[in-house]
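Here the structure comes first, spelled out in structure tokens, and everything after it is commentary.
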Amino acid sequence: MRKPIFRFNPISHAIVRADKADVILLKKIKRTIAVLALLLTSHVVAMIILENMTPWQAVWLTFTTLTTVGYGDLSAQTPYGQAATMILVYVSAITIVTLLVRDYVDYRIARSERIRSGLWNWNMENHIVIINAPKYNADRFFERLVLQIREDDEYKDTGILLLNHEYHMGLPSVLKDLHVRHITGSPSQESDLSKANVAKARHILVLSRDEYHGDSDSISFDTAYRLAHQNLGHLCIVECVEDANRPRLRELGIKSILRPIRSYPEILVRAMDAPGSEMVIEDMFTRRDDHPERYPIWLEGERWSDVVSAMIQGNIGTPMAFVNKDGQVFVHPKCDDHVHGQSLIIFVKSDDMPTQEEVQAAFHRYFTPSAV
Numbered sequence: 001m002r003k004p005i006f007r008f009n010p011i012s013h014a015i016v017r018a019d020k021a022d023v024i025l026l027k028k029i030k031r032t033i034a035v036l037a038l039l040l041t042s043h044v045v046a047m048i049i050l051e052n053m054t055p056w057q058a059v060w061l062t063f064t065t066l067t068t069v070g071y072g073d074l075s076a077q078t079p080y081g082q083a084a085t086m087i088l089v090y091v092s093a094i095t096i097v098t099l100l101v102r103d104y105v106d107y108r109i110a111r112s113e114r115i116r117s118g119l120w121n122w123n124m125e126n127h128i129v130i131i132n133a134p135k136y137n138a139d140r141f142f143e144r145l146v147l148q149i150r151e152d153d154e155y156k157d158t159g160i161l162l163l164n165h166e167y168h169m170g171l172p173s174v175l176k177d178l179h180v181r182h183i184t185g186s187p188s189q190e191s192d193l194s195k196a197n198v199a200k201a202r203h204i205l206v207l208s209r210d211e212y213h214g215d216s217d218s219i220s221f222d223t224a225y226r227l228a229h230q231n232l233g234h235l236c237i238v239e240c241v242e243d244a245n246r247p248r249l250r251e252l253g254i255k256s257i258l259r260p261i262r263s264y265p266e267i268l269v270r271a272m273d274a275p276g277s278e279m280v281i282e283d284m285f286t287r288r289d290d291h292p293e294r295y296p297i298w299l300e301g302e303r304w305s306d307v308v309s310a311m312i313q314g315n316i317g318t319p320m321a322f323v324n325k326d327g328q329v330f331v332h333p334k335c336d337d338h339v340h341g342q343s344l345i346i347f348v349k350s351d352d353m354p355t356q357e358e359v360q361a362a363f364h365r366y367f368t369p370s371a372v
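Counting with UniProt numbering, you get residues 1 to 372 for the letters of the sequence shown.
See the structure below:
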């Protein structure tokens, strides 16, 4: 009989061990504080009984002795009181304080190390979770992506959390300065998704591990399936390398599906801010359905809104920009701008691309109706 195969995830086990170590250390600190409080209380009572001090005098003497300040205004006078001070404070309490400081320093060091290595549980809410990392130039990609997110006033103070294995040795300083947090883990582990608190996220971005390899879609699909199973598909933006795999993701109710374009992380931000706009941007990168085309045409101060109307009414396409006489390109001018230029850049249908003559004719028909 074959033995069952158990998958061992060293990162998850490290997280479990770290969690247990934290719990043990915190319990030890609490226990030490309790012992210290008992010793100090005992000394206060001893001073009241043995030295006939008031409660406040006893407390004052106890703490000045513990902190080794020793103002000298009060001290134990009787042999029994002095013996109690030596046993309860000099020998016991001061030693306990030393142990308490040591344990607290150990806890802070362990906490800093867990944060650095991505094993800390941030308990974030209303945040942006970015799952996986690009295979190439991940630091630069994340820097540009986060900067684009921060440019939107709506996301200026939104927490950003990375979930991947890329930064198990710590985040680069450029991402730390942008207040990015990270968890070292895998989206294939439910415990890691839970640590990222995806259930309370504002947006979830699932990146392709390798934007040039279709096998990455299998990993993305597995992640999307896990998220959809938690009814989080409406929060997800998933990268998909092969267009043939998109229908499977759509069946999961994923909000946005787009092709990985590492040079323009801005597309991911557009998909978050205006779902559907990523399809328009993607369309501009291909010639499949629509594409931008440049047509020479002289513009002599016509209003931009009229230029757009002329092209649309002439069934040409949608003007997106114009080129002035110095060769500068002006994208999407204001509607009431009077434009001067030598060319138009028009978004046209790839299967029915208008000719130069048709563009000129549509322009003249609109601006010289008497010529019709």
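Glycine included, C-beta positions come from ideal geometry on N, C-alpha and C. No experiment lies behind these values; they were computed from the predicted model shown.
Residues near residue i by beta carbon distance below 6 Å, same chain, minus five either side
i	result
I345	P292, R294, M320, A321
D210	K135, S216
R144	P265
A46	A84
P260	S208, E211, E239
Y366	A310
Chain-order list of residues whose beta-carbon lies under 8 Å from that of residue i (same chain, five-residue window excluded)
i	result
D336	R303, W304, S305
Q356	Y295, P296
P249	The identity of residue 249 in the sequence shown is Leu, whereas the question assumes Pro. The answer, listed in chain order, is S220, F221, A224, V238, C240, I257.
N9	Bear in mind that a pLDDT of 44 at N9, under 50, signals an unreliable position, so the model cannot answer this.
L71	Just to set this straight, residue 71 is Tyr in the shown sequence, not Leu. Once the five neighbours on either side are set aside, the close Cβ partners of Y71 are T64.
A228	C236, L252, G253, I254
K349	D289, D290, G317
V126	Note that residue 126 is Asn in the sequence shown, not Val. Taken in chain order, the residues that qualify are T158, G159, K200, A201, R202.
R287	S350
Residue i in three-state terms, based on DSSP
i	result
L232	coil
R209	coil
T98	helix
Q342	strand
V23	helix
W120	coil
K349	strand
M169	coil
L299	strand
R294	strand
I5	Per-residue confidence for I5 stands at a pLDDT of 37, beneath the threshold of 50, marking its modelled position as unreliable; the derived number appears in the next sentence. Note: I5 maps to coil in three-state DSSP.
R181	strand
I312	helix
T318	strand
H203	strand
A362	helix
Proximity below 7 Å, CB of residue i to CB of residue j
i	j	result
A224	V241	no
L88	L39	yes
T64	A76	no
G314	A244	no
V280	I149	no
A196	L175	no
D103	K28	yes
V359	G341	no
V137	L207	First, the amino acid is wrong: residue 137 is Asn here, not Val. The answer is no: Cβ separation not under 7 Å.
V146	V198	no
H168	S112	no
A93	L66	yes
With 16 other Cβ atoms within 10 Å as the buried cut-off, status of residue i
i	result
E154	exposed
C62	With the sequence shown as reference, residue 62 is identified as Thr, and Cys is not the correct amino acid for it. So T62 ends up on the buried side.
S256	buried
T68	exposed
Y80	exposed
H43	buried
V16	Note that V16 has pLDDT 44, beneath the 50 cutoff, so the model's placement of it is unreliable and no number is given.
R108	exposed
V180	buried
H182	buried
F285	exposed
I49	exposed
V331	exposed
P275	exposed
D352	exposed
T184	buried
Close Cβ partners of residue i (< 7 Å) along its chain, the five nearest in sequence each way excluded
i	result
A14	Since pLDDT at A14 reaches only 42, below the 50 mark, its modelled position is unreliable, and the value read off the structure follows with that caveat. If we look at A14 and ignore the five residues flanking it on each side, its Cβ neighbours are L119.
Residue-level contact to chain B via CB, residue i, 7 Å cutoff
i	result
G341	Absent from the structure is chain B; it holds one protein chain and no more.
Check your understanding: Where in the segment 214 to 278 do unbroken runs of the beta strand (DSSP E), each at least 3 residues long, occur, reported from the N-terminal end onward?
Key -> For the segment 214 to 278, whole beta strand (DSSP E) runs of length 3 or above, ordered along the chain, are 236 to 239, 256 to 258.
Point to revise | Runs of alpha helix (DSSP H) wholly within the segment 46 to 88 (minimum 4 residues, chain order) | key: For the segment 46 to 88, whole alpha helix (DSSP H) runs of length 4 or above, ordered along the chain, are 55 to 66, 79 to 85.
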